[in-house]
Structure formats: C-alpha cells, structure tokens
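Trainee: For reference, the structure I am asking about is given below.
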Amino acid sequence: MHPNVLYCDAHNLKQFKDKTFSVALLSHVLEHLENPVKALQEAQRVADRVIIVTPKPWQLTNWLNMDHRWL
190 MHPNVLYCDA
200 HNLKQFKDKT
210 FSVALLSHVL
220 EHLENPVKAL
230 QEAQRVADRV
240 IIVTPKPWQL
250 TNWLNMDHRW
260 L
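If you're matching positions, the sequence shown starts at 190 in this note's numbering and goes up one per residue.
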C-alpha cells in the first residue's frame, strides 16, 4: 500500500468533510458496485476532481468477469 492512498467504502465517505481532497481516483471500482451513482456522488462531494478508470467494454474478458456488475 502507498502511504498517501486511502482505501474506503465508496458508497459511504461520511467520515470526510466536503471537498477534503483535491482528487478522488476510482480505478476499476464502479463496475463492481451495486450503486455506482452513489459512489460517484460521494466522490464528487469529498473531492474537487474525480478521475474514473473503467475496463474496456470491447474486451471479452470484461464481459465474462463474474465480479463485474456493469460495463
């Protein structure tokens, strides 16, 4: 783990005040969540900028991954 990285429940960031961070990075997270909209709302609330990285939808392995709820 990197010392400047926080790992949290993406649906519930209530331990952080509004705009606590300059950046929130959601890398390969949203496709696993039951409620990605809630996670995005929380990220926007606690950070000035939100960076989202998702899998490439044209790769067959992403469609076959049982952990992915969304593409």
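Ideal Cβ positions, reconstructed from N, Cα and C, are used throughout, including at glycine.
To the nearest angstrom, report how far apart Met255 and Phe205 are at their CA atoms.
Mentor: For Met255 and Phe205, the distance between alpha carbons rounds to 32 Å.
Trainee: So what's Ala228 in DSSP terms, helix, strand or just coil?
Mentor: Reduced to three states, the DSSP call for Ala228 is helix.
Trainee: Do Phe210 and Val226 have their beta-carbon atoms positioned less than 8 Å apart in this structure?
Mentor: No, Cβ-Cβ distance for Val226 and Phe210 is not below 8 Å.
Trainee: Thinking C-alpha only, which one of His217, Val194, Ala213 is nearest Pro244?
Mentor: The option with the nearest alpha carbon to Pro244 is His217.
Trainee: Looking only at C-alpha atoms, which of Pro192, Asp237, Glu223, His257 sits nearest to Asn201?
Mentor: Answer by Cα proximity: Glu223.
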